[in-house]
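Note sheet for the following structure.
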Amino acid sequence: MNRKIIVFDTTLRDGEQVPGAKLNIQQKVEIAQQLKRLNVDIIEAGFPASSAGDFQAVRQIARSVGDSVSITALARAVKSDIDAVYESVKLAQNPLIHIVLGTSNIHVEKKFNRSKEAIMQMGVDAVKYASTLLPNVQYSTEDASRSDFEYLWSTIEAVVKAGATMINVPDTVGYAVPEEFGELIRRINERLKNVNDKVILSVHCHNDLGLATANTLSAVKNGAEKIECTINGLGERAGNASLEEVVMGLKVREGYYNCHTDIDTKELLRTSRLVSHLTGLDVQVNKAITGENAFAHSSGIHQDGLLKDKQVYEIMAPEEVGSDSMELILTARSGRHAFKNAVEKIGFDTSDATDFEQLFEKFLTLADAKKEVYDHDVFYLVTNHRNLDA
Ligand code: KIV
Ligand code: ZN
């Protein structure tokens with residue numbers, strides 16, 4: 064059976080924790096609209112208890128894209144955080160509360176200085192409370208990969224009995240290696256099925272050893288049904304599993320994993336560029352899938368092989384990730400259609416007709432003055448017009 068893997072994007076929460084990647088509300092909404100076009104299943108829009116700005120951003124995202132994408136936000140296992148999540152996501156059609164609490168000895172003893180029993184009870188109480196607000200509650204066992212297995216499992220069992228509908232197993236500090244992480248997921252999955260086979264098992268991997276993509280794929284192979292990732296692999300320290308890598312890994316090796324996602328992979332490059340532009344964080348040139356050189360072939364032997372048959376040196380076509388968008392130079396005569404195409408190509412929404420007309424007028428003024436208008440000019444035109452500058 065070819066399983067559907069749920070894609071949970073946390074660019075706007077874990078990704079935004081990167082130093083220097085602070086986004087304003089309009090920028091977050093713009094990214095959320097592109098994530099909707101990419102067709103992710105769940106958007107984690109922020110951590111509303113952290114600031115009034117984050118709360119407002121989550122609320123606006125829930126209102127503007129929450130009609131077809133599930134919207135969630137992060138809460139610690141305390142009532143005030145859970146209330147903030149509920150108030151900010153409730154306008155979405157399918158809102159979800161995400162609660163996080165550590166399970167490793169290091170977290171229980173060093174971070175909380177409490178007993179394991181007290182921490183587990185805190186998690187159970189938080190889930191019970193969240194379940195009175197919404198039917199969908201995700202529980203993340205922070206630092207799961209460094210936790211004692213039996214305590215981790217007891218926590219999972221207890222929060223599922225309290226009402227959690229998704230269990231997320233994070234490799235919070237990127238410590239796990241693929242075989243071991245896959246085995247952890249297999250063991251949890253085996254027990255979870257006997258407690259409640261409707262609960263969704265999820266993973267969230269960090270990249271401290273450069274293994275986030277590999278660990279995520281290994282988890283999928285071993286039964287994970289949901290993956291958490293970010294665009295361009297943004298996230299704390301070395302980042303999170305990169306959405307584009309995991310999704311294309313599952314697509315290119317579909318026969319091996321026997322799984323699929325609903326991601327519109329042709330939107331990957333556009334999404335990557337939009338996030339890079341708005342966060343100001345460059346994508347490394349040799350980054351898999353979306354780096355500038357990801358489909359460039361320079362050696363004579365490779366070029367010769369490609370000319371005979373692309374499959375000789377290509378495991379996926381650049382078009383599959385949206386890499387066929389050659390830059391067209393615009394002029395004052397290009398017209399609305401070409402301009403619209405250029406705005407959409409770099410990831411911006413054009414559905415508001417009044418806004419688009421205003422943009423087009425500004426484009427004509429620029430084109431008259433400059434004669435030739437490039438993608439980067441269009442980018443600055445739109446960000447300026449929509450007040451997307453940080
Ligand atoms: O890395 C982590 O453990 C997290 C949790 C909130 C899922 O980001
Ligand atoms: Zn994380």
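So the sequence shown is numbered by the working numbering: it starts at 64 and just counts up by one.
All C-beta atoms, glycine included, are put in the ideal place defined by N, C-alpha and C.
* Asked: Along the chain, where does the alpha helix (DSSP H) that runs through Asp-146 open and close?
  -> Along the sequence shown, read from residue 1 onward, the residue named residue 146 stands at position 83. It spans 142 to 152 - the alpha helix (DSSP H) in which Asp-146 sits, taken as one unbroken run.
* Spatially closest choice to Lys-142 from Ala-155, Val-223, Pro-111, by CA coordinates -> Numbered from its first residue, the sequence shown carries residue 142 at position 79. Residue Pro-111 is the option with its Cα nearest to Lys-142.
* Would you call the region 68 to 79 and the region 287 to 301 touching, i.e. three or more CB-CB distances under 8 Å? -> yes
* **Closest by C-alpha distance to Asp-415, when choosing among Leu-86, Asn-285, Glu-93** => As a working mapping, residue 415 is identified with position 352 in the sequence shown. Checking every option, the nearest Cα to that of Asp-415 belongs to Glu-93.
* Asked: What residues in its chain sit with their C-beta under 6 Å from that of Gly-237, if we drop five residues either side in the sequence?
  -> Residue 237 sits at position 174 when you count from the first residue of the sequence shown. These residues qualify, in order along the chain: His-269, Asn-270, Asp-271, Leu-272.
* To do: Put Met-64 into one of helix, strand or coil per three-state DSSP.
  => Reading the sequence shown from its first residue, position 1 is the one you call residue 64. Here Met-64 sits in coil by DSSP.
* His-323 to Leu-313, Cα distance in whole Å? -> For the purposes of this step, residue 323 is taken as residue 260 along the sequence shown, with counting starting at 1. For the purposes of this step, residue 313 is taken as residue 250 along the sequence shown, with counting starting at 1. Rounded to the nearest angstrom, the two C-alpha atoms are 6 Å apart.
* Asked: Roughly how many angstroms separate the alpha carbons of Lys-425 and Glu-382, rounded to a whole number?
  -> Here residue 425 refers to the residue found at position 362 when the sequence shown is read from its first residue. Here residue 382 refers to the residue found at position 319 when the sequence shown is read from its first residue. Spanning the two alpha carbons is a distance of roughly 31 Å.
* To do: List the endpoints of the continuous alpha helix (DSSP H) containing Glu-213.
  => Numbered from its first residue, the sequence shown carries residue 213 at position 150. From DSSP, the alpha helix (DSSP H) with Glu-213 extends over 212 to 225.
* To do: Can you tell me which of the three DSSP states Phe-411 falls into?
  => As a working note, residue 411 is residue 348 in the sequence shown. Coil at Phe-411, not helix or strand.
* To do: Return the CA-CA distance between Arg-126 and Tyr-192, expressed in angstroms with no decimal places.
  => Here the question's residue 126 lines up with position 63 in the sequence shown. Here the question's residue 192 lines up with position 129 in the sequence shown. So the alpha carbons of these two residues sit roughly 24 Å apart.
* Closer than 6 Å: residues whose CB approaches a heavy atom of the ligand KIV -> Asp-77, Leu-137, Val-163, Ser-203, Glu-205, Asn-231, Pro-233, Thr-235, His-267, His-269
* To do: State the beta-bridge partners of Phe-71 as determined by DSSP.
  => Residue 71 sits at position 8 when you count from the first residue of the sequence shown. DSSP output for Phe-71 lists Ile-105, Glu-291 as bridge partner(s).
* Bounding residues of the alpha helix (DSSP H) (the contiguous stretch that carries Met-379) -> Here residue 379 refers to the residue found at position 316 of the sequence shown. Premise fails: Met-379 is in no alpha helix (DSSP H) and is neither H nor E.
* Determine the burial state of Ala-275: buried for a count of at least 16 other Cβ atoms within 10 Å of its Cβ, exposed for fewer. => Residue mapping note: residue 275 aligns to position 212 of the sequence shown, counting from 1. Ala-275 is buried by the Cβ-count criterion.
* To do: Can you tell me the Cβ-Cβ gap for Ala-207 and Thr-166, rounded? I've got them flagged as a contact below 8 Å.
  => By one-based count along the sequence shown, residue 207 stands at place 144. By one-based count along the sequence shown, residue 166 stands at place 103. With a Cβ gap of about 6 Å, Ala-207 and Thr-166 count as contacting.
* Closer than 8 Å: is that where the CB of Thr-276 sits relative to any heavy atom of the ligand ZN? -> Along the sequence shown, one-based indexing puts residue 276 at 213. No, Cβ of Thr-276 sits at least 8 Å from all heavy atoms of the ligand ZN.
* Supposed close pair Leu-154, Gly-116 - CB separation, criterion 8 Å -> If you number the sequence shown from 1, residue 154 lands on position 91. If you number the sequence shown from 1, residue 116 lands on position 53. No, Leu-154 and Gly-116 are not in contact; Cβ-Cβ is about 18 Å, not under 8 Å.
* **Assigned exposure category for Ser-178 - 16 Cβ within 10 Å defines buried** => The residue given as residue 178 occupies position 115 in the sequence shown. Classification of Ser-178: exposed, given that the 10 Å Cβ count is below 16.
* To do: Return yes when at least one heavy atom of the ligand ZN lies under 8 Å from the C-beta of Asn-447, else no.
  => Residue mapping note: residue 447 aligns to position 384 of the sequence shown, counting from 1. The answer is no for Asn-447.
* **Candidates Thr-428, Asp-440, Gln-421, Glu-307: closest to Met-379 by CA position** => For this step, residue 379 is matched to residue 316 along the sequence shown. Checked all of Thr-428, Asp-440, Gln-421, Glu-307; the closest Cα to Met-379 is Glu-307.
* Between Lys-99 and Val-121, what straight-line distance do the alpha-carbon atoms span, to the nearest angstrom? -> Your numbering for residue 99 matches position 36 in the sequence shown. Your numbering for residue 121 matches position 58 in the sequence shown. When rounded, the distance between both Cα atoms is 15 Å.
* To do: Return the CA-CA distance between Asp-260 and Ala-282, expressed in angstroms with no decimal places.
  => Position 197 of the sequence shown, counted from the first residue, corresponds to residue 260. Position 219 of the sequence shown, counted from the first residue, corresponds to residue 282. Between Asp-260 and Ala-282, the C-alpha separation is close to 17 Å.
* To do: Kindly indicate the opening and closing residues of the alpha helix (DSSP H) around Glu-242.
  => Walking along the sequence shown from the start, residue 242 turns up at place 179. That run of the alpha helix (DSSP H) goes 241 to 258.
* According to the neighbour-count rule (16 or more other Cβ atoms, all chains shown, within 10 Å of its Cβ), is Met-183 buried or exposed? -> Translated into positions along the sequence shown, residue 183 becomes position 120. Its Cβ being crowded by 16 or more others within 10 Å, Met-183 is buried.
* Asked: Residues in its own chain within less than 6 Å of Ile-219 by CB, not counting five upstream and five downstream?
  -> Residue 219 sits at position 156 when you count from the first residue of the sequence shown. Result list for Ile-219: Ile-230, in chain order.
* To do: Could you check the C-alpha separation between Gly-368 and Asn-356 for me, to the nearest Å?
  => Residue numbering aside, residue 368 sits at position 305 when the sequence shown is read from its first letter. Residue numbering aside, residue 356 sits at position 293 when the sequence shown is read from its first letter. Computed Cα separation, rounded: 18 Å.
* Keeping to the same chain, check which residues put their C-beta closer than 6 Å to that of Phe-419; ignore five residues upstream and five downstream. => For this step, residue 419 is matched to residue 356 along the sequence shown. Once the five neighbours on either side are set aside, the close Cβ partners of Phe-419 are Thr-413.
* Can you tell me the Cα-Cα spacing of Asp-327 and Glu-180, whole angstroms? -> For this step, residue 327 is matched to residue 264 along the sequence shown. For this step, residue 180 is matched to residue 117 along the sequence shown. Taking the straight line joining both Cα atoms gives about 44 Å.
* To do: Taking only heavy atoms of the ligand ZN into account, decide whether any of them is closer than 8 Å to the Cβ of Gly-129.
  => The residue labelled residue 129 in the question sits at position 66 within the sequence shown. Flag unset: Cβ of Gly-129 not near the ligand ZN.
* Asked: For the region 277 to 341, which segments carrying the alpha helix (DSSP H) assignment without a break, of at least 4 residues, lie completely within its bounds, in sequence order?
  -> 306 to 315, 317 to 320
* To do: Please name the residue, chosen from Lys-284, Arg-300, Leu-344, that lies closest to Arg-316 on a Cα-to-Cα basis.
  => Walking along the sequence shown from the start, residue 316 turns up at place 253. It is Lys-284 whose Cα lies nearest to the Cα of Arg-316.
* **Beta-carbon contacts of Glu-377 that lie in its chain and below 6 Å, excluding the five residues immediately before and after** => As a working note, residue 377 is residue 314 in the sequence shown. So no residue of the chain qualifies.
* Asked: How would you write the range of the alpha helix (DSSP H) that His-269 sits in, first residue to last?
  -> Start at 1 with the first residue of the sequence shown, and residue 269 comes out as number 206. Premise fails: His-269 is in no alpha helix (DSSP H) and is neither H nor E.
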